[in-house]
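For the sequence shown, the positions run 3 to 108 when the working numbering is used. Accompanying notes for the structure given below.
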Amino acid sequence: MRAGTVISPITVATSRSTRRRGLLGQTRIARPLLLAPAKQVHTAGMRCVIDVIWCRADGRILRTARVKPHRVTRVVVRAAFVIEAAAGSCEQWSLHAGDQIEVVDA
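And the structure:
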């Protein structure tokens, strides 16, 4: 959610195995994936470009990036969780560093 508006349903990966698997093997990302805890992601074995959003525990966005397959992102030390989404999602949702989001359990 952002400013009280739901921007997308999300899948949450909090176990080691679900975080490790992530979005691997998908050719199209139907819904974003929240990885917690996470400070860095990789796209080794991925088949598509993704948008990555690093957030503090309170949902403040620290950084966004578009990441191609077979890359490793830099570590964002203050990040508590990361959201992986389809390429173009940050523009579609108008998300930028400094924005505040809220992840709610539906």
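Each residue gets a CB set at the ideal place from its N, CA and C atoms; glycine is no exception. In this text the structure is predicted, and so the values were computed from the model without any measurement.
To the nearest angstrom, how far is the alpha carbon of P34 from that of I55?
Rounded to the nearest angstrom, the two C-alpha atoms are 10 angstroms apart.
My assumption, with CB atoms under 8 angstroms, is that T75 sits in contact with V43. Please give the rounded CB distance.
Contact holds; Cβ gap of about 5 angstroms.
Considering only C-alpha positions, which residue in the set H72, D53, L64 is nearest to A87?
The shortest Cα separation from A87 among H72, D53, L64 belongs to D53.
Based on the DSSP secondary-structure assignment, which residues constitute the bridge partners of H44?
Note: H44 sits in a beta bridge opposite V74.
Is the Cβ-Cβ distance between L36 and A15 less than 8 angstroms?
For L36 and A15, yes; Cβs fall inside 8 angstroms.
Assign T7 to buried or exposed, taking buried as 16 or more other Cβ atoms, counted over all protein chains shown, within 10 Å of its Cβ.
Exposed is the call here.
In this structure, how does DSSP classify R68 when only helix, strand and coil are distinguished?
Note: R68 maps to strand in three-state DSSP.
Mapping the DSSP letters down to three states, classify C57 as helix, strand or coil.
Note: C57 maps to strand in three-state DSSP.
Report buried or exposed for A5, applying the criterion of at least 16 other Cβ atoms within 10 angstroms of its Cβ.
When all chains shown are included, A5 counts as exposed.
Are C57 and I31 touching if we call contact CB-CB under 8 angstroms?
Not a contact, by the Cβ cut-off of 8 angstroms.
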